[in-house]
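Enquirer: Numbering (full-length UniProt numbering), first residue to last: 1 to 285.
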């Protein structure tokens, strides 16, 4: 879970850099600019591309970015296991991610102050409370009592952003066959495109919390490390961009794999022109 949230923070920061480079305020403006540029026949190249590996690779064309919805069910369990680390990551996402098209949904059956902390509450603009057992639980969610008087069965109080007065609404009940119908519809639209970095990616320096050390620091901990080494030895050349294309991973992860190979003595440190040499020849262990 912590790795997934770190990935979200890293993706949020990457999107902010892209939006800044294109001079737009949010994801909607970014996608519109990408669409207009393609229709005009002048697609926009990746402004964040850096030829730091000494290879003359061309930057790729930018595509429209999708919205991302992060759903954390039974948030209390995750807070009990990870605690402070997750709290600060969620706060970062809640503070800035909306403009980048990343939205966060937190759900818990235990609305206590050690789960829904002040830092998290301050950055969650929209809240919904179903029937709770006490006024204290209601105040924890809504900052006011009232949820303890709800009738259950979907009866809830909805607190929209920008107001302190909750609205009483009724949530719809979704039966099992309706869930299956929605799932079947989405499956018919296409196959899922999983991003493995979300779960197994490492914490890079730009998304670490203050005082936090990277996890999984073993230079061969990445499950794609052996495949990356085999590719580099086979071709006799090393390039972050080529590793990225071969393994179909993000640029940050590919750069980390190359750095791991440098620490293991597989490739050399970058020279004055940024190029690296492969130090291990084919057939060596």
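Idealized CB from N, CA, C, for every residue including glycine.
Just how far apart, CA to CA, sit residue 287 and residue 119?
Expert: Here the chain has residues from 1 to 285 only, and residue 287 is not among them.
Enquirer: Quick one, are the C-beta atoms of residue 86 and residue 2 less than 8 Å apart?
Expert: Translated into positions along the chain shown, residue 86 becomes position 86. Translated into positions along the chain shown, residue 2 becomes position 2. Cβ distance < 8 Å, so residue 86 and residue 2 count as in contact.
Enquirer: Tell me, which residues are paired with residue 92 by DSSP?
Expert: Taking the chain shown and counting its residues from 1, the one referred to as residue 92 is at position 92. According to DSSP, residue 92 bridges with nothing at all.
Enquirer: Please determine whether the Cβ atom of residue 260 lies at a distance below 7 Å from any heavy atom of the ligand MN.
Expert: Of ligands this structure carries none, so the ligand MN is not represented either.
Enquirer: Among 188, 195, 145 and 88, which has the Cα closest to the Cα of residue 166?
Expert: Working through the chain shown from its first residue, we reach residue 166 at position 166. When each option's Cα is compared against that of residue 166, the closest is 145.
Enquirer: Report, in whole angstroms, the separation of the C-beta atoms of residue 82 and residue 105, which I expect to be a contact under 8 Å.
Expert: Within the chain shown, numbered from 1, the residue matching residue 82 stands at position 82. Within the chain shown, numbered from 1, the residue matching residue 105 stands at position 105. So it is not a contact: roughly 18 Å between Cβ atoms.
Enquirer: With distance defined between alpha-carbon atoms, name the residue in 156, 189 and 231 nearest to residue 173.
Expert: The residue you call residue 173 lines up with position 173 of the chain shown. Nearest option by C-alpha distance: 156.
Enquirer: Here's the rule: buried if 16 or more other CB atoms are within 10 angstroms of the residue's CB, otherwise exposed. What is residue 18?
Expert: The count along the chain shown starts at 1 and reaches residue 18 at position 18. By the neighbour-count rule (16 or more Cβ atoms within 10 Å), residue 18 is buried.
Enquirer: Taking the continuous beta strand (DSSP E) assigned at residue 127, which residues delimit it?
Expert: Counted from its first residue, the chain shown places residue 127 at position 127. Residue 127 -> beta strand (DSSP E) spans 127-129.
Enquirer: What is the rounded straight-line gap between the Cα of residue 193 and the Cα of residue 256?
Expert: Taking the first residue of the chain shown as position 1, residue 193 is located at position 193. Taking the first residue of the chain shown as position 1, residue 256 is located at position 256. Roughly 23 Å separates the two Cα atoms.
Enquirer: Since residue 94 and residue 141 should fall inside the 8 Å C-beta cutoff, what is the C-beta to C-beta distance between them, to a whole number of angstroms?
Expert: For this step, residue 94 is matched to residue 94 along the chain shown. For this step, residue 141 is matched to residue 141 along the chain shown. Contact doesn't hold; Cβ gap of about 15 Å is too wide.
Enquirer: Please report the straight-line C-alpha distance between residue 215 and residue 227, rounded to a whole angstrom.
Expert: Position 215 of the chain shown, counted from the start, is the residue given in the question as residue 215. Position 227 of the chain shown, counted from the start, is the residue given in the question as residue 227. Its pLDDT being 48, under 50, residue 215 is placed unreliably in this model, and the value from its coordinates should be taken loosely. The straight-line gap from Cα to Cα measures roughly 21 Å.
Enquirer: Any idea what DSSP makes of residue 44, helix, strand or coil?
Expert: As a position in the chain shown, residue 44 is number 44, starting the count at 1. Residue 44: coil per DSSP, three-state reduction.
Enquirer: Compare the C-alpha of residue 286 against each of 154, 89 and 178 and name the closest.
Expert: This structure cannot settle anything about residue 286, because the visible part of the chain is limited to 1 through 285.
Enquirer: Find out if the Cβ-Cβ distance for the pair residue 287, residue 45 is shorter than 8 Å.
Expert: Beyond the ends of the chain as shown, which are 1 and 285, falls residue 287; an answer cannot be given.
Enquirer: Quick one: grab the DSSP three-state call for residue 15.
Expert: Residue mapping note: residue 15 aligns to position 15 of the chain shown, counting from 1. Residue 15: helix per DSSP, three-state reduction.
Enquirer: What are the uninterrupted segments assigned as alpha helix (DSSP H) that are 4 or more residues long and contained completely in the segment 244-278, given in chain order?
Expert: Runs of the alpha helix (DSSP H) inside the segment 244-278: 251-263.
Enquirer: Would the beta-carbon of residue 250 fall within 8 Å of that of residue 197?
Expert: For the purposes of this step, residue 250 is taken as residue 250 along the chain shown, with counting starting at 1. For the purposes of this step, residue 197 is taken as residue 197 along the chain shown, with counting starting at 1. Yes; because the gap between Cβ atoms is below 8 Å, this pair is in contact.
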